[in-house]
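A short worksheet on the structure shown next.
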Amino acid sequence: MTSHSEILPALRPVLLAPIFINRTYLQPYSCFILKNPQQKVSWLLLAYSLRAAIESPRWLLMVQNIPYFVYLRADNMPSKASARVTTMISLAIRRLAAPPLPRTIASTKRAPRETIPATPIKVLRTVDAVRKWRKPHVLDHRIVGLVPTMGALHEGHLSLIRAAARESHHVVVSIYVNPAQFGIKEDLASYPVTSLAELDRELADDGGNLGRISAVFAPTTSEMYPSGFPGQEVDSKGSFVVMTPVSELLEGRTRPTFFRGVATVCMKLFNIVQPEKVYFGQKDVQQTVVIRNMVRDFMLPIDVVVGPTSREPDGLALSSRNVYLGKRRRKVATVLNRALRAAEEQYLNGVLDRETILKAANSVAVDTLNEQMALDPHERVKYEVDYISLADPSTMQEVTEVDPKAGGILSGAVKMLPVESPQSGEDLGHSGGPAVRLIDNIVLKPSA
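Be aware that the sequence shown starts at 0, since it is given in numbering that gives the first Met the number 0, and climbs by one per residue.
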């Protein structure tokens with residue numbers, strides 16, 4: 000019988016046209032045929048030999064850095080052997096079709112701090128530029144991860160980028176301050192803007208092996224809304240994605256067009272970038288529910304990945320809006336997190352009743368405000384509690400009792416009012432310290 004080592008030299012590669020194998024497009028491939036068709040071989044041994052050839056880099060044909068995979072053609076192959084060989088070769092090809100993912104943290108020594116490597120960043124400004132960049136990756140089985148942001152990047156964004164780099168071959172970071180998710184009374188013009196120089200400093204760090212950001216998509220509003228500037232009124236004309244009733248609850252009550260703007264811009268970004276994975280932070284918990292519902296209802300082939308909330312050492316959730324706080328309000332801004340923690344403690348102690356759980360949170364919020372109001376005007380901080388909620392984790396609908404099998408979402412929003420009596424030279428925060436709306440949440444994990 001012909002040996003394994005004798006078969007490979009007896010094969011002659013021939014480039015052929017693209018084909019489908021079991022409805023999977025494999026790009027152009029090369030067909031290995033026997034130099035001597037009369038050579039007697041074991042078809043099973045030939046199959047293993049070809050699979051070994053496929054899995055060995057020296058047997059892959061490289062044309063302009065594109066691998067041409069191998070497939071078998073032999074006119075005199077018995078039908079049963081042909082089916083067996085085809086199956087074995089197809090499986091081998093499919094394993095090779097998707098390049099290996101970057102090494103994960105689990106497979107490498109953990110660094111003291113995960114970082115994004117310093118690298119030249121490709122900035123794409125137009126939809127056409129993104130699609131031109133994306134096109135070669137559509138059929139090469141490489142995973143593209145998208146991290147949507149509005150700039151003003153902080154550690155929360157970077158943690159999402161690092162997660163995307165661990166799980167994707169290419170990471171795209173979008174930076175776009177979306178006017179459609181600002182209300183009429185919200186100051187779009189004062190939102191922190193990230194320059195490319197700042198972006199490079201924020202993303203470039205001391206390396207590691209988590210991959211690289213392949214591109215930054217930083218479009219203009221005219222590019223994202225070709226029909227005109229999106230209105231901020233509820234009855235504005237335009238094309239929007241509206242998710243009800245989840246977009247009308249909690250944040251949606253005081254910001255009626257917010258989630259319409261979020262869903263619309265995310266749908267646009269998903270259509271433009273066509274990612275396999277998208278990354279959002281848990282801090283904006285209602286937003287994650289809106290996006291997941293949208294992906295499900297519109298049958299988008301996207302995996303929504305939610306990363307944990309990044310926090311300051313004292314518990315304040317990281318947010319781009321924290322720059323507005325200034326030193327005085329920053330000290331009191333933890334009140335929302337402390338209130339939610341008090342409510343969480345009730346749940347962890349076995350309490351499921353809504354009234355009892357939320358009473359603990361409201362007590363912290365009221366007591367802290369009373370303490371502030373007892374101070375002199377040039378020292379105190381005022382705030383208003385918008386809401387503190389206990390909701391179902393999949394619908395954000397309020398619940399009267401937590402289902403221990405499903406868990407729940409504790410969330411809230413407070414408005415930090417402008418400093419009442421600023422002192423001379425006091426740090427009031429970005430843009431003179433306007434009112435700042437802070438949100439936070441805690442996931443009550445199922446206990447049964």
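Every residue, glycine too, gets a C-beta built ideally from N, C-alpha and C.
Source: prediction; values computed, not measured.
Answer with buried or exposed for residue i, where buried requires no fewer than 16 other C-beta atoms within 10 angstroms of its C-beta.
i      : result
Pro274 : buried
Glu250 : buried
Asn452 : No answer is possible for residue 452: it lies beyond the span of the chain, which begins at 0 and ends at 447.
Asn369 : exposed
Leu138 : exposed
Arg329 : buried
Arg254 : buried
Leu157 : buried
Asp375 : exposed
Asp74  : A caution first: Asp74 carries a pLDDT of 47, below 50, which makes its placement in the model unreliable, though a value can still be read off. Exposed.
So the beta strand (DSSP E) residue i belongs to, where does it begin and stop?
i      : result
Asn150 : According to the sequence as given, residue 150 is Gly; it is not Asn. No beta strand (DSSP E) contains Gly150, which DSSP labels as neither H nor E.
Asn440 : Val435 to Leu443
Leu389 : Tyr382 to Ala390
Ser213 : Ile212 to Phe216
Ile408 : Gly407 to Met415
Which residues in the same chain as residue i place their Cβ atom closer than 7 Å to its Cβ, once the five residues preceding and following it in sequence are excluded?
i      : result
Asn177 : Met149, Gly260 and Val264
Ala342 : Ile356, Leu357, Ala359, Ala360 and Leu409
Phe239 : Arg259 and Thr263
Asp402 : none
Leu427 : Gly325, Val418 and Pro421
Can you name, in chain order, every residue of its own chain whose Cβ lies under 6 Å from the Cβ of residue i, other than the five neighbours on each side?
i      : result
Arg291 : Val303
Val288 : Val245 and Met395
His429 : Val322 and Tyr323
Thr367 : Val334
Ile271 : Val126 and Val129
Leu100 : At Leu100 the pLDDT is 49, less than 50, meaning the model places this residue with poor confidence and gives no usable figure here.
Check for me: the alpha helix (DSSP H) holding residue i runs from which residue to which?
i      : result
Ser362 : Arg353 to Met372
Glu448 : Residue 448 is absent from the model: the chain starts at 0 and stops at 447.
Asp296 : Val284 to Asp296
Val331 : Gly325 to Val331
Asn336 : Val334 to Leu347
Ser221 : Thr220 to Met223
Below 8 Å CB to CB, which residues in the same chain sit around residue i once its five sequence neighbours on both sides are set aside?
i      : result
Leu339 : Ala360, Ile387, Leu409, Ser410, Gly411, Asp439, Asn440 and Ile441
Met298 : none
Leu317 : His153, Glu154, Gly155, Lys282, Thr308, Ser309, Arg310 and Glu311
Met223 : Tyr175, Asn177, Val264 and Lys267
Gly314 : Thr333, Asn336, Arg337 and Arg340
According to DSSP, what are the bridge partners of residue i?
i      : result
Glu397 : Ala390
Lys276 : Gly144 and Asp302
Val316 : Note on identity: in this sequence residue 316 is Ala, with Val being the wrong assignment. Paired residue(s): Arg310.
Asp402 : Gly406
Answer with yes or no whether the minimum CB distance from residue i to chain C is below 8 Å.
i      : result
Leu145 : The displayed structure is made up of one protein chain only, and chain C is not part of it.
Requested in this report: Quick one: which unbroken beta strand (DSSP E) runs of 3-plus residues sit fully inside the segment 123-175? Chain order, please.
Outcome: 143-148 and 169-174
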